[in-house]
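S.K.: Numbering (the UniProt record's numbering), first residue to last: 1 to 69. Here a beta-carbon is modelled for each residue, glycine too, at the ideal position from N, C-alpha and C.
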(Lines of atoms letter the chains of each structure in order from A; the text may use other names.)
(Lines give C-alpha, C1' and ligand atoms only; values in the text may rest on other atoms or scores of the structure.)
Protein backbone atom coordinates (compact mmCIF):
# COMPACT_ATOMS: atom_id res chain seq x y z
CA UNK A 1 0.00 0.00 0.00
CA UNK A 2 3.09 2.26 0.30
CA UNK A 3 2.16 3.09 3.90
CA UNK A 4 4.83 3.60 6.51
CA UNK A 5 3.64 2.06 9.77
CA UNK A 6 5.45 2.51 13.06
CA UNK A 7 5.02 -0.58 15.21
CA UNK A 8 6.06 -1.10 18.81
CA UNK A 9 6.54 -4.30 20.71
CA UNK A 10 7.23 -5.29 24.29
CA UNK A 11 8.70 -8.40 25.88
CA UNK A 12 8.86 -9.63 29.44
CA UNK A 13 11.35 -11.89 31.15
CA UNK A 14 10.31 -15.01 33.03
CA UNK A 15 11.73 -16.22 36.28
CA UNK A 16 13.39 -19.61 36.27
CA UNK A 17 11.95 -22.38 38.41
CA UNK A 18 14.88 -22.48 40.83
CA UNK A 19 15.25 -18.69 41.04
CA UNK A 20 15.11 -17.12 44.51
CA UNK A 21 15.24 -13.42 43.60
CA UNK A 22 12.01 -11.59 42.84
CA UNK A 23 13.33 -9.71 39.81
CA UNK A 24 14.62 -11.16 36.56
CA UNK A 25 16.72 -9.31 33.98
CA UNK A 26 18.05 -10.39 30.61
CA UNK A 27 21.65 -9.81 29.61
CA UNK A 28 22.45 -7.28 26.89
CA UNK A 29 23.33 -9.93 24.30
CA UNK A 30 20.05 -11.73 24.98
CA UNK A 31 18.13 -8.47 24.66
CA UNK A 32 19.74 -7.76 21.27
CA UNK A 33 18.89 -11.26 19.98
CA UNK A 34 15.31 -11.04 21.22
CA UNK A 35 14.84 -7.55 19.77
CA UNK A 36 16.25 -8.65 16.39
CA UNK A 37 13.96 -11.67 16.27
CA UNK A 38 10.93 -9.57 17.22
CA UNK A 39 11.64 -6.90 14.61
CA UNK A 40 12.26 -9.55 11.94
CA UNK A 41 8.91 -11.19 12.69
CA UNK A 42 7.11 -7.84 12.73
CA UNK A 43 8.70 -6.74 9.43
CA UNK A 44 7.96 -10.07 7.79
CA UNK A 45 4.33 -10.12 8.92
CA UNK A 46 3.73 -6.46 8.01
CA UNK A 47 5.37 -6.56 4.59
CA UNK A 48 3.39 -9.45 3.15
CA UNK A 49 -0.13 -8.11 3.78
CA UNK A 50 -2.14 -5.01 3.00
CA UNK A 51 -2.77 -2.41 5.71
CA UNK A 52 -6.30 -3.69 6.31
CA UNK A 53 -5.09 -7.25 6.97
CA UNK A 54 -2.29 -5.97 9.19
CA UNK A 55 -4.77 -4.11 11.38
CA UNK A 56 -6.87 -7.28 11.60
CA UNK A 57 -3.77 -9.15 12.82
CA UNK A 58 -2.82 -6.47 15.32
CA UNK A 59 -6.23 -6.14 16.97
CA UNK A 60 -6.27 -9.67 18.49
CA UNK A 61 -2.47 -9.51 19.09
CA UNK A 62 -1.97 -12.71 17.12
CA UNK A 63 1.45 -12.03 15.56
CA UNK A 64 3.78 -13.06 18.38
CA UNK A 65 1.52 -15.24 20.49
CA UNK A 66 2.75 -18.53 19.05
CA UNK A 67 5.63 -18.71 21.49
CA UNK A 68 8.23 -18.36 18.76
CA UNK A 69 10.77 -16.75 21.06
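Return the residue from the list 59, 51, 58 and 61 that minimises the CA-CA distance to residue 3.
M.R.: 51
S.K.: Excluding the 5 residues preceding and the 5 following residue 13 in the sequence, name in chain order all residues of the same chain whose CB lies nearer than 8 Å to its CB.
M.R.: 24, 25 and 26
S.K.: Rounded to a whole number of angstroms, what is the C-alpha to C-alpha distance between residue 21 and residue 11?
M.R.: 20 Å
S.K.: In angstroms with no decimal places, state the Cα-to-Cα distance between residue 15 and residue 36.
M.R.: 22 Å
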